[in-house]
Amino acid sequence: MSERYLNYIGGKWVEPSTGDYYENRNPANWDEVIGEFPRSAKDDVDQAVAAAKKAYKDWRLVPAPMRGLILRRIGELMVEHKEELAKDMTREMGKVIKETRGDVQESIDTAFYAEGESRRLFAPHVPSELPNKTGYTMRVPIGVAGLIAPWNFPSAIPAWKMFPAIVSGNTVVIKPATDTPYTVYKMVQLMIEAGLPPGVVNIVFGSGTKVGIPIVEHKDTNVISFTGSVDVGRDIAERGGKYLKKVSLELGGKNAVMIMDDANSELALDGVIWGAFGTTGQRCTATSRLLLHENIHDKFLEMLIDKVKNLRLGDGLIESNDVGPLINEKQVKTVHNYVEIGKSEGAKLLIGGEPTTEGDLSKGWFYKPTVFSDVTQDMRIFQEEIFGPVLSVVKFANFEEGLQILNNCEYGLSSSIYTENLLYAMQAARDFETGIVYVNAPTIGAECHFPFGGFKNTGNGHREGGWTVYEIFTEWKTIYIEYSGKLQRAQIDNV
Ligand code: NAD
575 MSERYLNYIG GKWVEPSTGD YYENRNPANW DEVIGEFPRS AKDDVDQAVA AAKKAYKDWR
635 LVPAPMRGLI LRRIGELMVE HKEELAKDMT REMGKVIKET RGDVQESIDT AFYAEGESRR
695 LFAPHVPSEL PNKTGYTMRV PIGVAGLIAP WNFPSAIPAW KMFPAIVSGN TVVIKPATDT
755 PYTVYKMVQL MIEAGLPPGV VNIVFGSGTK VGIPIVEHKD TNVISFTGSV DVGRDIAERG
815 GKYLKKVSLE LGGKNAVMIM DDANSELALD GVIWGAFGTT GQRCTATSRL LLHENIHDKF
875 LEMLIDKVKN LRLGDGLIES NDVGPLINEK QVKTVHNYVE IGKSEGAKLL IGGEPTTEGD
935 LSKGWFYKPT VFSDVTQDMR IFQEEIFGPV LSVVKFANFE EGLQILNNCE YGLSSSIYTE
995 NLLYAMQAAR DFETGIVYVN APTIGAECHF PFGGFKNTGN GHREGGWTVY EIFTEWKTIY
1055 IEYSGKLQRA QIDNV
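Taken in order, the sequence shown gives residues 575 to 1069; the numbers are from our numbering.
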């Protein structure tokens, strides 16, 4: 029998109240069971939130720089265990090992950045309008943070949420995605080893409905941070709204690269391949629309197809492989359904377009890298997030038309322009309706100390990463101090 893993609540590893477990399997080889994880329920969430609430009383009073030292230790432990974490992540999630190393590295960077931020957490001191009176501000933690993560960045996204929440003085209850529980399990082990007191971090495994919803609706979770799909994000916003909770949503993307006719085409080609087929297209920032200037359209497509032909699909643990499997069978069906839709809408399938079980791929959820040309703006494959290795190519005649096409989208996460022309680059930076714009680089590649998030349906205005994530996990407090020794009435005595 495979190993069983438990929830971590109030400093103890505990069985789920249901006594029920599910298997977590390797998407590159479904015979391999990574482990059995709890199918928890509301009772487990209740216990975890109670433990977090209890721990909050003391944790909020630990000086932030002292909390930061524990974050530094977490980062150091992750450095020591980087290779092992990356390999295990590839086994449970599928993406190739160089990418899972990057995923772990982003968590390490986030831990070290959190330590740095623990010595800042700046809050302005501003002059009062009255004499002998002053005002200053402070940031305070919010309480218990409910964190709900997706599977595509099994380590980095939980780190983006847990580390700033904890260093700000909150305690957390995290629910990992059902497809990637093991990575978070291992991270929590290291967080305990680093010295986090009991109850500061709690982990409850299980489904969105049985665990996610109770976290969102619990009266004692004071802030919710969610990353995932738009539909679930909307549901969470509605439920959280009833309790007037602070809810941060990081949702989907339909990211485009625009290539002008003056671009360095080799550079652009490398960027498109990496953006579209890295993580098998399962990134919120994946390149899924490619806008090609009409002067270079045919030539660039030829170069692109040549490269796509040579991408090596396979087990991500083999260093020479470029593209791993999709996360699960459902995702294979979703991707294939979109390919069928694209064909029926009249787009031209240039390469790929089907799952594959050839040779070594017979036991995994592999899908051939796929490119459609002749895509138009009304097509569903142009508009909807596919979350797989499918690239839709559209032709444009000039910058203005390209801009219109790029912005014709319900999402607004990431975008990119390849050009040698400063005027176009600057206009793109200003006018692309996305939270992140790259110039001469692919749509992926966020760094942990910059704000991350998007416009439109990509979210509700918050930004993870950088200093902006601390807005999510802290409240502002304003303190007025009167030292005139008399009643001074603002707006009355001073006019
Ligand atoms: P998902 O929305 O299906 O699930 C995300 C998490 O929410 C999982 O842990 C799931 O169990 C939980 N969940 C599901 N239903 C729930 C509910 N009703 N209430 C509470 N929790 C619930 O998304 P996914 O398939 O895991 O991830 C893919 C999506 O995530 C894509 O749309 C992708 O673009 C998006 N994503 C966005 C970002 C970003 O930062 N903007 C980053 C990565 C992924």
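Just so it is clear, CB atoms sit at the ideal spot from N, CA and C, and this is done for glycine as well. Note that the structure is predicted; figures quoted are calculated from it, not measured.
Between Gly709 and Tyr1054, the C-beta spacing is below 8 Å.
Annotation: the continuous alpha helix (DSSP H) that includes Arg665 extends over Lys656 to Met667.
With a threshold of 7 Å, the Cβ atom of Asn726 counts as near the ligand NAD, since some heavy atom of the ligand is closer than that. The residues Ser591, in chain order, have a CB closer than 6 Å to that of Asp617 in the same chain once the five nearest residues on each side in sequence are set aside.
Between Thr1017 and Ser990, the gap from beta carbon to beta carbon is short of 8 Å. Residue pairing by DSSP leaves Tyr687 without any beta bridge partner. Take Val588, set aside five residues on each side of it, and the residues of its chain with a beta-carbon closer than 7 Å to its own are Leu580 and Asn581, in chain order.
Between the ligand NAD and the CB of Ser822, the shortest heavy atom gap is not smaller than 7 Å. Boundaries of the alpha helix (DSSP H) harbouring Phe737: Ala730 to Val741, taken from the DSSP string.
Around the C-beta of Asp889, 16 or more other C-beta atoms lie within 10 Å, and the residue is accordingly described as buried. Taken through DSSP and simplified to helix, strand or coil, Ile925 comes out as strand.
Ser918 sits in a helix when the DSSP states are folded into three classes.
Between Arg713 and Ala685 a beta carbon distance of about 20 Å is seen, past the 8 Å cut, so the two are scored as non-contacting.
The segment 601-682 is shown to contain whole beta strand (DSSP E) runs of 3 or more residues at 603-612, in chain order. For Ile1046, the Cβ stays outside the 7 Å cut-off from all heavy atoms of the ligand NAD. Looking only at Lys1060, Ser781, Gln1062 and Lys1051, the smallest Cα-Cα distance to His699 is reached by Lys1051.
Comparing alpha carbon positions, the residue from Glu919, Glu914 and Ala921 closest to Pro929 is Glu914. At a threshold of 7 Å, Gly802 counts as near the ligand NAD, since its beta carbon sits closer than that to one of the ligand's heavy atoms. Only buried fits Phe946, as 16 or more other CB atoms lie within 10 angstroms of its CB. Of the heavy atoms belonging to the ligand NAD, none sits nearer than 7 Å to the Cβ of Ile991. In the displayed model, Thr1042 falls within coil according to three-state DSSP, outside both helix and strand.
Taking Asp683 as reference, the option from Ile648, Asn706, Lys672 and Lys661 with the minimal CA-CA separation is Ile648. Within the DSSP secondary-structure output, Phe1026 pairs in a beta bridge with Glu1038. By the 16-neighbour rule on beta-carbons within 10 angstroms, Ile1066 is exposed.
Taking a cut-off of 8 Å for Cβ pairs, the segment 774-789 and the segment 608-624 touch, as three or more such pairs fall below it. Secondary structure note for Pro715: its beta strand (DSSP E) is the uninterrupted segment Lys707 to Pro715. Contact check for Ser729 against Val775 fails: the beta carbons are separated by 8 Å or more. About 7 Å separates the Cβ atoms of Met667 and Ile901, confirming a contact at the 8 Å cut-off.
In the DSSP annotation of this structure, the continuous segment of the alpha helix (DSSP H) that includes Lys760 starts and ends at Pro755 to Glu767. Judged by the Cβ position, Gly676 fails to qualify as a neighbour of the ligand NAD at the 7 Å threshold, every heavy atom of the ligand being at least this far. DSSP places Thr592 in the coil class of the three-state scheme, outside both helix and strand. Ranking Val1069, Thr801 and Ala1015 by CA distance to the CA of Gly1028 puts Thr801 first.
Phe946: not part of any alpha helix (DSSP H); member of the beta strand (DSSP E) spanning Thr944 to Ser947, first to last residue.
The closest heavy atom of the ligand NAD lies less than 7 Å from the beta carbon of Ile787.
When DSSP reads this structure, Glu1049 sits in a beta bridge with Val714.
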